[in-house]
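S.K.: Under my numbering, residues 903 to 1195 are what the sequence shown spells out, in order.
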Amino acid sequence: MNVFITGGTGLIGSAVVAELLGNGHTVVALARSDTSAAAVEAAGATACRGGLADLDVLRDGAGRADGVIHLAFANDFSSPEALARAVAEESAALAAMGEALIGSERPFVTCSGTPVAAGRPSTEDDPLPTDGPVGGRSRAVMGVLDLAARGVRSSAVRLPRTVHNNGNGGFAGLLTLIARNSGVSGYPGDGAQRWPAVHALDVAVLFRLALEHAPAGTAWHGVADEGDAVRDIAAVIGRRLGLPVQSVPTESYGPLGVIFAADQPASSAHTREALGWEPTHPSLLDDLENIQP
Ligand SMILES: NC(=O)c1ccc[n+]([C@@H]2O[C@H](COP(=O)([O-])OP(=O)(O)OC[C@H]3O[C@@H](n4cnc5c(N)ncnc54)[C@H](OP(=O)(O)O)[C@@H]3O)[C@@H](O)[C@H]2O)c1
């Protein structure tokens, strides 16, 4: 397939581009800067200049492709307003690409987080939360899945809190950054809350499998580690950085505090069985050993 991808220079997207190219697909990647264009060209993809706000570019890119994978997100958690702007930008981008695919029966793979299910690992059948600081992202993803009724083979890969590679990425990566800046490897509450995780190279395979095989309107869990206690994650970070490990107030994490404090393990049993996906790369706790002081 000739695949149009957004976010192809990111931690996850660069792994997805390599996975697609390594499996006989060609890739056109949205690139919003010279640096990003050079990166995707060096990876073997064709750059399509534009950003998430360039809706005509997105419609055109999606309309010309045999399939679309969406991963770009501004990831601006600096304030509730900045996060809301990023969510609105992404929602409009998803709607524009979806519009271009209506009636084509082509695959459109987007991403979301895994949901939370009280007291147990969430499954592919659990609904996404539509409230909270990133509830708008869930609504946009549900809009994509609803396109199944309008001739789009839409699917969503639900990503765990940490998608990592070489010790970087996701919420564990944010904890590392905060630890470097504050001098304390912190965690909210008692740290017993569990976060799921996956290696970027493993989840890249799942994006390809969803593109190739996922039935319309389906959601999948890109989860390798069902849930590590956040204090165990903080303990590895603290040891690698030579910093004390301790609980810190939830409010100090800003809009992310409420998400950081939640117990949110997730299962991928159905995904593994139905799509034949099997993660093989290092677990989060092993990969965090790559953190350098
Ligand atoms: N990493 C995780 O642990 C994790 C966990 C759950 C969900 N996710 C989600 O998975 C997706 C990819 O995550 P990631 O970790 O790979 O992100 P990342 O490394 O921060 O990469 C973000 C990508 O989005 C692009 N981008 C950002 N804003 C853009 C804009 N306005 N226009 C065009 N491109 C834009 C960036 O392009 P440039 O190279 O030009 O900056 C980059 O390719 C995001 O939706 C993220 O929320 C990630």
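Built from N, CA and C at the ideal position, the CB exists for glycine as well. Keep in mind the model is a prediction, meaning the values are calculated, not measured.
1) In three-state terms, what does DSSP make of Ile914?
2) If you reduce the DSSP assignment to three classes, tell me which class Ser993 lands in.
3) Kindly examine ligand 1 and report whether one of its heavy atoms sits closer than 8 Å to the Cβ of Val970.
4) Sorted by chain position, which residues of the same chain lie with C-beta nearer than 7 Å to Ala1020's C-beta, five sequence neighbours on each side aside?
5) Using a Cβ-based criterion (distance less than 8 Å to any ligand heavy atom), does Glu1026 qualify as near ligand 1?
6) Which residues bound the alpha helix (DSSP H) around Val1243?
7) Is Ala976 near ligand 1, with its Cβ less than 8 Å from a heavy atom?
8) Does the Cβ of Ala1171 have 16 or more other Cβ atoms within 10 Å, making it buried, or fewer, making it exposed?
9) Residues in the same chain with beta-carbon distance under 8 Å from Arg1214, minus the five sequence neighbours each way, listed in chain order, please.
10) Quick check: does the Cβ of Glu1128 come within less than 8 Å of any heavy atom belonging to ligand 1?
11) Do three or more CB pairs link the stretch 951-963 to the stretch 987-1003 at distances below 8 Å?
12) When the distance is taken between beta carbons, is Leu1030 closer than 9 Å to Met1044?
13) Do you know offhand how far Ala1094's Cα is from Ala974's?
14) I need the DSSP call for Gly1092, collapsed to helix, strand or coil.
15) Can you give the Cα-Cα distance for Ala1121 and Cys1013, rounded to whole angstroms?
16) Return the chain-ordered list of same chain residues with a C-beta closer than 6 Å to the C-beta of Arg934, the five sequence neighbours on each side being excluded.
17) With Gly1124 as the anchor, note down where its beta strand (DSSP E) starts and where it stops.
18) In whole angstroms, give me the CA-to-CA distance for Leu1186 and Pro1035.
19) Cβ-heavy atom distance between Cys950 and ligand 1 below 8 Å?
20) In or out: Leu1079 buried (at least 16 other Cβ within 10 Å) or exposed?
21) Can you find a heavy atom of ligand 1 that lies under 8 Å from the Cβ of Gly909?
22) Residues in its own chain within less than 7 Å of Asp1104 by CB, not counting five upstream and five downstream?
M.R.: According to the data block:
1) Here residue 914 is taken as the residue at index 12 of the sequence shown, counted from 1. It is helical.
2) Along the sequence shown, read from residue 1 onward, the residue named residue 993 stands at position 91. In the three-state reduction of the DSSP assignment, Ser993 falls in the helix class.
3) For the purposes of this step, residue 970 is taken as the residue at position 68 of the sequence shown. Because no heavy atom of ligand 1 lies under 8 Å away, the Cβ of Val970 does not count as near it: no.
4) In the sequence shown, counting from the first residue as 1, residue 1020 sits at position 118. Here the set comprises nothing.
5) Here the question's residue 1026 lines up with position 124 in the sequence shown. For Glu1026, the shortest separation between its Cβ and any heavy atom of ligand 1 does not lie below 8 Å.
6) Because the chain here runs from 903 to 1195, residue 1243 falls outside it and cannot be looked at.
7) Looking up residue 976 in the sequence shown gives position 74. Shortest gap from the CB of Ala976 to any heavy atom of ligand 1: under 8 Å.
8) Your numbering for residue 1171 matches position 269 in the sequence shown. Counting Cβ neighbours within 10 Å, Ala1171 comes out exposed, since fewer than 16 surround it.
9) Past the edges of the chain, shown from 903 to 1195, lies residue 1214, and the structure says nothing about it.
10) Counted from its first residue, the sequence shown places residue 1128 at position 226. No heavy atom of ligand 1 is found nearer than 8 Å to the CB of Glu1128.
11) Below 8 Å, enough C-beta pairs join the stretch 951-963 and the stretch 987-1003 to call them touching: three or more.
12) For the purposes of this step, residue 1044 is taken as the residue at position 142 of the sequence shown. For the purposes of this step, residue 1030 is taken as the residue at position 128 of the sequence shown. Against a cut-off of 9 Å, the Cβ pair of Leu1030 and Met1044 comes out as a contact.
13) In the sequence shown, the residue the question calls residue 1094 occupies position 192. In the sequence shown, the residue the question calls residue 974 occupies position 72. Going by C-alpha positions, Ala1094 is about 31 Å away from Ala974.
14) Residue numbering aside, residue 1092 sits at position 190 when the sequence shown is read from its first letter. A quick correction: the sequence has Asp, not Gly, at residue 1092. The answer is coil: DSSP assigns Asp1092 none of H, G, I, E or B.
15) The sequence position of residue 1121 within the sequence shown is 219, counting from 1. The sequence position of residue 1013 within the sequence shown is 111, counting from 1. Using only the alpha carbons, I get a separation of about 9 Å.
16) Residue mapping note: residue 934 aligns to position 32 of the sequence shown, counting from 1. For Arg934, where only same-chain residues beyond five positions count, the Cβ hits under 6 Å are Gly953.
17) Position 222 of the sequence shown, counted from the first residue, corresponds to residue 1124. That residue, Gly1124, is in no beta strand (DSSP E); it is neither H nor E in DSSP.
18) Against the sequence shown, residue 1186 aligns to sequence position 284. Against the sequence shown, residue 1035 aligns to sequence position 133. Roughly 25 Å separates the two Cα atoms.
19) Here residue 950 corresponds to residue number 48 of the sequence shown, with the count starting at 1. For Cys950, the CB stays at least 8 Å from every heavy atom of ligand 1.
20) In the sequence shown, the residue the question calls residue 1079 occupies position 177. By the beta-carbon neighbour count (other beta carbons within 10 angstroms, threshold 16), Leu1079 is exposed.
21) Locating residue 909 in the sequence shown gives position 7, counting from the first residue. Flag set: Cβ of Gly909 near ligand 1.
22) The count along the sequence shown starts at 1 and reaches residue 1104 at position 202. Here Asp1104 has Ala1126, Pro1181, Thr1182 and His1183 as same chain residues with Cβ atoms under 7 Å from its own Cβ, once five neighbours each way along the sequence are excluded.
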